[in-house]
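Engineer: Pasting a structure below so you can have a look.
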Amino acid sequence: MWTGILNGKMAFELPDVLNAEIYLNFLQNQLPNLLEDMPLSIFRDMWFQQDGCPAHYSRSVRQFLDEEYSGRWIEGGLALSRGQPAHRI
């Protein structure tokens, strides 16, 4: 089971077998609903951080993240640099 925590609550579950199509569908259709009530002051400082799951590295997922979270997403294994906000989704 893959889960996500948002504002200290388990916000979503993804299936055990995660592929790029399922993950992209989540990013496009479920994540926006989860972030809908996020205060703008927090949302502006948020970064989207991924781990090393192969589904995270598909061309379609990376393209979507570049379009929707340009300059605000972090690939697995890369640390936040000094001065980057601590809020991560």
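In my numbering, each residue carries its 1-based index in the sequence shown increased by 938. Where a beta carbon is used, it is the ideal one built from N, C-alpha and C, also for glycine.
With distances taken Cα to Cα, identify the nearest neighbour of I960 among A993, S979, Y1007.
Structural biologist: The residue with the shortest Cα to Cα distance from I960 is A993.
Engineer: Using the Cα positions of W985 and G1009, report the straight-line distance between them to the nearest angstrom.
Structural biologist: Their backbone Cα atoms lie some 9 Å apart in a straight line.
Engineer: Less than 7 Å separating the beta-carbons of L956 and S998?
Structural biologist: No, the pair does not count as a contact, with Cβ atoms beyond the cut-off.
Engineer: I'd like the list of long-range same chain contacts for W1011, defined as Cβ closer than 6 Å, with 5 residues on each side in sequence excluded.
Structural biologist: Cβ within range, chain order: F986, L1003.
Engineer: Please report the distance separating the alpha-carbon of L978 from that of D954.
Structural biologist: Looking at the two C-alpha atoms, the distance is approximately 32 Å.
Engineer: Bridge partners for F986 per DSSP, in chain order?
Structural biologist: In DSSP, F986 forms a bridge with W1011.
Engineer: Can you tell me which residues form a DSSP beta bridge with L969?
Structural biologist: L969 is not bridged to any residue.
Engineer: Considering only the beta carbon of each residue, do L972 and A949 sit closer than 7 Å?
Structural biologist: In contact: L972 and A949 (Cβ atoms closer than 7 Å).
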